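Numbering (the UniProt record's numbering), first residue to last: 1 to 483.
All C-beta atoms in this analysis are idealised placements derived from N, C-alpha and C, irrespective of residue type, glycine included.
Since the structure is predicted, the reported quantities are computational estimates derived from the model, not experimental observations.
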């Protein structure tokens, strides 16, 4: 290939879009400029040659002559040097440029060739991008929702800061499916239980969509936010509704029991009178002793039936009472008759171990009594499945370590249920259960300011225990005894 003609070479340099200035490597004086440089600066080559740095640079410290010479000297010593330099044109217009100074060994002398281009728009775009990126980062970090992008293998390609706060650090590259817990609602409802390592599972609402950002990020974007409080509130509302339904039925049963007791008491009274009359007539004349024995037993059974009705009427008659100051021991004694009936049905022994000191509590007697019976009935039903020698239930009252009134029901069955949500259910699973369930018992006790829990009995069995705060005397807050 033939050498390029000097005229053609000049045409080539003038066709460059980059601006070019040639400086003497020793004095740094301008020797030559291409057409692009002259067009940007507004001077001819002859006008540029005598100019110094202050004549063609922005009036700012970072563009001083001293710093300009230092930059060019670095290029002479190291072969190349780059910087950002703001040139000032003949008309005063200032242009920020990216400038690269390169040492070139010519035949006649060593020069420094400076190539520069206008980067003002580029810098503005960068500033806008930087500003947008900072805003986006601030928005993402302040979001309550977590954002993750998953690949086909459910690996996390991207995780926002908010996702890290919700599920813990270390999401990047993790298997997102491992965070899902059993019990998540089907996908169509968009509710999931996620659990970060070492954290309690929480409920989240989530949406998923496919994204593809050029070739940089491609996968499924999942947006999720914490709805644990909402789920708990909904669950609590469901329980409250079931509790209210139960209490409505319980009240209706009380009305029915009262009506039955009233209707049955009259024929029982009549039967009692007839038997007493028969005994009177039998006593006036000689008769069969076996007939007298039968009549005596009939009277005893009628008296027993009347006693049952009196207990039932007395218990149901207190259903409408509000909270009052009473002794927890008294409540247990009122319930003892019904507990014994259930225990006799299953051939279970019941031991009442009531403290001799009063345990004054401010409560609704019937509700706390129903809790006592429910815990005792559960224990009796549990013991009914055990061998006869082991069928024993203990009902104990005492003053707790915190000074409260404490009741414990102990059995010798297989032990407490393994499910930690033992108090979440509402109804008992037994056909002859009271229907109140441990959940409602728990709710009644907590509503009275107490606490109900369960733990293992030693050496075997379960202990259900509740504690109620000790009530104060209504006229003397320093006294805890009953009035």
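Taking all protein chains shown into account, residue 293 has fewer than 16 neighbouring C-beta atoms within 10 Å of its C-beta and is therefore exposed. The DSSP-derived three-state label of residue 19 is strand. In this structure, residue 145 keeps its C-beta atom at 8 Å or more from the C-beta atom of residue 96. Straight-line measurement puts the Cα of residue 413 at about 7 Å from the Cα of residue 386. When the five nearest sequence neighbours on each side are left out, the beta carbons in the same chain lying within less than 8 Å of the beta carbon of residue 404 are those of 450, 467, 468, 469 and 470, in order along the chain.
A distance below 7 Å between beta-carbons, with the five flanking residues on each side excluded, links residue 354 to the following residues of its chain, in chain order: 329, 332 and 397. At a cut-off of 3 residues, the continuous stretches assigned as beta strand (DSSP E) that sit fully inside the segment 309 to 381 are 324 to 327, 349 to 353 and 360 to 363. Residue pairing by DSSP places residue 113 opposite 22 and 102 in a beta bridge. Cβ-Cβ distances below 6 Å link residue 409 to 375, 376, 379, 395 and 464 in the same chain, with the five nearest sequence neighbours on each side left out; the list follows chain order. Sequence-distant Cβ neighbours of residue 211 in its own chain, meaning closer than 8 Å and more than five residues away, are 149, 217, 218, 219, 220 and 221. The segment 132 to 214 is shown to contain whole beta strand (DSSP E) runs of 3 or more residues at 146 to 150, 156 to 159, 191 to 194 and 202 to 213, in chain order.
Separation of the CB atoms of residue 124 and residue 154 is rounded to 41 Å, and the pair is thereby denied contact status at 8 Å. The DSSP-derived three-state label of residue 385 is coil. In this structure, residue 75 lies away from residue 119, with their beta-carbon atoms at least 8 Å apart. Taken through DSSP and simplified to helix, strand or coil, residue 448 comes out as coil. Taking the Cβ atoms as the reference, residue 16 lies roughly 6 Å from residue 36, within the contact range of under 8 Å.
For residue 99, the closest of 5, 83, 111 and 416 by C-alpha to C-alpha distance is 83. The residue among 190, 392 and 326 with its C-alpha nearest the C-alpha of residue 365 is 326. In this structure, residue 58 keeps its C-beta atom at 8 Å or more from the C-beta atom of residue 105. Using a 10 angstroms sphere on the CB of residue 141, the tally of other CB atoms stays under 16, which defines it as exposed. Judged by beta-carbon spacing, residue 156 lies within the 8 Å limit of residue 171, meaning their Cβ atoms are closer than that value.
By the criterion of a C-beta distance shorter than 8 Å, residue 282 is surrounded in its chain by 291, 292 and 295, once the five residues flanking it on both sides are discounted. Ranked by Cα distance from residue 402, the first of 129, 28, 461 and 359 is 359. Judged by DSSP in its simplified three-state form, residue 97 adopts strand.
The closest CA to that of residue 338, considering only 373, 191, 357 and 237, is found on 373. The three-state reading of DSSP puts residue 293 in helix, counting H, G and I together. In the structure shown, residue 51 adopts coil according to DSSP, grouped into three states. In its chain, beyond the 5 residues on either side, 190, 191, 224, 225 and 227 have a beta carbon closer than 7 Å to the beta carbon of residue 205. Residue 175 and residue 213 have their C-alpha atoms spaced approximately 22 Å apart.
With 16 or more other Cβ atoms from the protein chains shown falling within 10 Å of its own Cβ, residue 342 counts as buried.
Excluding five sequence positions before and after residue 117, the CB atoms of its chain that fall closer than 7 Å to its own CB belong to 18, 19, 97 and 98, given in chain order. Using a Cβ distance threshold of 8 Å, residue 12 and residue 111 do not count as a contacting pair. DSSP places residue 43 outside both helix and strand once states are collapsed to three, so it counts as coil. Between residue 350 and residue 357, the gap from beta carbon to beta carbon reaches 8 Å or more. The residue from 115, 44 and 162 with its alpha-carbon nearest to that of residue 137 is 162. Counting of Cβ neighbours within 10 angstroms places residue 423 among the buried residues, the total reaching 16 or more.
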